Amino acid sequence: MKKRLMIISCLVGAVLLIMPEVRSAFALSDAYKDNIYNPGVLKATDSALKVKVGGKAPDFALKAVSGERVSLGQFRGKKNVVISFVPAAWTPVCSDQWPGYNIVKEMFDANDAILLGITVDNIPTLFSWTNQMGRLWFPVLSDFWPHGAVAKKYGVLRSDGVTERALFVIDKKGIIRYIDVHDINQRPSLEVLMGELEKLKK
Amino acid sequence: MMRRMLWLALLAWGMILCGPADGRSAGPPPVGGKLPDFTLGVPKDAAEKTYLGLSGSGAFKIPQIRAKTVVVEIFSMYCPYCQKEAPNVNKAYERIEADPVLRGKIKLIGIGVGNSAFEVGVFKKKYNVPFPLFPDSDFVLHKLLGEVRTPYFIGVKIHPDESHQVIRSRLGAFESVEKFLDEIAKASDLK
Chain A
65 MKKRLMIISC
75 LVGAVLLIMP
85 EVRSAFALSD
95 AYKDNIYNPG
105 VLKATDSALK
115 VKVGGKAPDF
125 ALKAVSGERV
135 SLGQFRGKKN
145 VVISFVPAAW
155 TPVCSDQWPG
165 YNIVKEMFDA
175 NDAILLGITV
185 DNIPTLFSWT
195 NQMGRLWFPV
205 LSDFWPHGAV
215 AKKYGVLRSD
225 GVTERALFVI
235 DKKGIIRYID
245 VHDINQRPSL
255 EVLMGELEKL
265 KK
Chain B
232 MMRRMLWLAL
242 LAWGMILCGP
252 ADGRSAGPPP
262 VGGKLPDFTL
272 GVPKDAAEKT
282 YLGLSGSGAF
292 KIPQIRAKTV
302 VVEIFSMYCP
312 YCQKEAPNVN
322 KAYERIEADP
332 VLRGKIKLIG
342 IGVGNSAFEV
352 GVFKKKYNVP
362 FPLFPDSDFV
372 LHKLLGEVRT
382 PYFIGVKIHP
392 DESHQVIRSR
402 LGAFESVEKF
412 LDEIAKASDL
422 K
């Protein structure tokens, strides 16, 4: 009897011990005070890509926080485009990804690239949230209605209605050259993204 | 009986698992307390090495820095407040270097939490940060330092025997550069 209990106890313990350690992979800026909602650790990815590297990037036109409508097509022949889908406003990792991109405009410029930030949040939410980041040099687009339509086209809409943390690099011809559907809990490396932009020069 | 024993076993495991794991602290280093035990990589840059009074390569601990007090800024390249505060922190460095009483006695370093060496380099270049910055790409130091929000400033007084004491541990931007330096100088017995 006791032996059985010991075995059960050890088994429970062993299972708990080998569970991957839940790592927080963010540091909050004090800019947001206590206004960041932490959803906890989520399933790394939760969608199936509908586009691929080498394929044509589906066109779209979305409303930006600034009020204008921005389409992917308007950059054809003019600029390389980086699309950064982030899951949700007012959440930990997302709240520092774009402020980081905000201080490396020169790196995007050097690679003749523009950045488009997209979430499925509505414009008022995006307005309040991005205001905390300082003045952003790139357009922030709302894929709110029809809900997540663009994310769906690319295959990065998760089953709970938010998007993946995904990066797409699209060249001037409108061809997708790089895709990173990142673990939603972690911020993608800036170095890797810049390396991919450099490759477009070759 | 069996159920009770099972609960006890589970409880025991729970206590083991919930206790602070190695290398974790409950909060930021308190004033009057000590820094958690960690090392940083000796900078490759000769000027930075000279500034910190270090030699060779490998790792060092903050109390090994040649200074009376070291101010550690916990920041992130991705943090809008840290970006905004960067010119003020630079100003603090310049004031220290221009003041014969403080120069060589108070040293500044930054730890970029969740930042790779590349990302720390981006921040350094963007804001012309004149003091050494160190990466903490996997948030290891961030965890040790109580997962503070950024920017966070820790003042560490260093004694001649390399023992140390935290004299400031506070979240947020400087109220004013002068006030910040005055506080640090007083706590370091320099003014």
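Residue numbers (my numbering), protein chains in the order written: chain A, 65 to 266; chain B, 232 to 422. Note that beta-carbon positions come from the ideal geometry of N, C-alpha and C, so glycine has one too. Small disclaimer: the values here were computed from a predicted structure and weren't measured.
Following the continuous alpha helix (DSSP H) through residue 324 of chain B, name the residue where it begins and the one where it ends.
In this chain, the alpha helix (DSSP H) harbouring residue 324 of chain B covers 311–329.
Across which residues does DSSP place residue 94 of chain A in a beta bridge pair?
Under the DSSP definition of a beta bridge, residue 94 of chain A lacks any partner.
Name the chain A residues that come within less than 9 Å of residue 350 of chain B, Cβ to Cβ?
164, 253, 254, 255
I need the straight-line Cα distance from residue 232 of chain A to residue 242 of chain A, nearest angstrom please.
6 Å
By Cβ distance below 6 Å, which residues in the same chain neighbour residue 359 of chain B in space, the five residues on each side in sequence not counted?
none
Pairwise C-alpha distance: residue 236 of chain A and residue 142 of chain A
6 Å
So, helix, strand or coil for residue 352 of chain B, using DSSP?
Residue 352 of chain B falls in the helix class under three-state DSSP.
Less than 7 Å between CB atoms is the rule here; does residue 198 of chain A satisfy it with respect to chain B?
Judged by the 7 Å Cβ criterion, residue 198 of chain A is in contact with chain B.
Using DSSP with H/G/I as helix, E/B as strand and the rest coil, what is residue 409 of chain B?
Residue 409 of chain B falls in the helix class under three-state DSSP.
In terms of DSSP beta bridges, what is residue 293 of chain B paired with?
Bridge partners of residue 293 of chain B: none, in fact.
Identify whether residue 254 of chain B lies in helix, strand or coil by the three-state DSSP scheme.
Any reading at residue 254 of chain B must be qualified, since the residue scores a pLDDT of 43, below 50, and its modelled position is unreliable; no value is offered.
Quick one, which of B:285, B:391, B:345 has its alpha-carbon nearest residue 381 of chain B's?
Minimum Cα distance to residue 381 of chain B is reached at B:345.
Suppose the cutoff is 8 Å on Cβ atoms and the five residues either side in sequence are ignored; what does the same chain contact list for residue 333 of chain B look like?
326, 327, 412, 416, 421
Cβ contact check for the region 124–136 of chain A and the region 372–387 of chain B: 3 or more pairs under 8 Å
With a cut-off of 8 Å, the region 372–387 of chain B and the region 124–136 of chain A do not count as touching, because too few Cβ pairs lie within range.
For chain A, is any of its Cβ atoms less than 7 Å away from the one on residue 386 of chain B?
no
If you follow the alpha helix (DSSP H) that residue 195 of chain A is part of, which residue opens it and which one closes it?
187–195
Beta-carbon gap between residue 218 of chain A and residue 115 of chain A smaller than 7 Å
yes
Which chain A residues sit within Cβ distance under 8 Å of residue 403 of chain B?
94
When you compare the CB of residue 259 of chain B with every CB in chain C, is at least one pair closer than 7 Å?
Considering every chain present, this structure includes no chain C. Its protein chains are A and B.
How far does the beta strand (DSSP E) with residue 128 of chain A in it extend, from its first residue to its last?
Taken as a continuous stretch (DSSP letters only), the beta strand (DSSP E) holding residue 128 of chain A covers 125–128.
In chain B, which residues lie with their C-beta within 7 Å of the C-beta of residue 160 of chain A?
Chain order gives the chain B residues near residue 160 of chain A as 307, 309, 310, where near means a beta carbon separation below 7 Å.
Residue 173 of chain A - containing beta strand (DSSP E), residue span:
Careful: residue 173 of chain A lies outside any beta strand (DSSP E), inside the alpha helix (DSSP H) at 169–174.
Residue 168 of chain A touches chain B at which residues, Cβ-Cβ below 7 Å?
353
Pairs of beta-carbons, one from the region 271–280 of chain B and one from the region 362–374 of chain B, closer than 8 Å: are there three or more?
yes
DSSP three-state assignment for residue 85 of chain A, whether helix, strand or coil:
Caution is warranted here: a pLDDT of 40 is assigned to residue 85 of chain A, below 50, making its placement in the model unreliable, and the coordinate value is therefore given only provisionally. If DSSP states are grouped into helix, strand and coil, residue 85 of chain A belongs with coil.
If you run the structure through DSSP and keep just helix, strand and coil, what is residue 373 of chain B?
helix
Test: residue 79 of chain A CB closer than 7 Å to a CB of chain B:
Below a pLDDT of 50, predicted positions are generally treated as unreliable, and residue 79 of chain A, at 44, falls in that range; no measurement from the model is reported.
Alpha carbon to alpha carbon, how far is residue 113 of chain A from residue 376 of chain B? Give it in angstroms, no decimals.
39 Å
Kindly say whether residue 399 of chain B, judged by its beta-carbon, lies nearer than 7 Å to any beta-carbon of chain A.
no
Output yes if chain A places a C-beta closer than 7 Å to the C-beta of residue 357 of chain B; else output no.
yes
Taking a cut of 8 Å between CB atoms, which residues from the region 89–122 of chain A lie near chain B?
89, 90, 91, 92, 93, 94, 95
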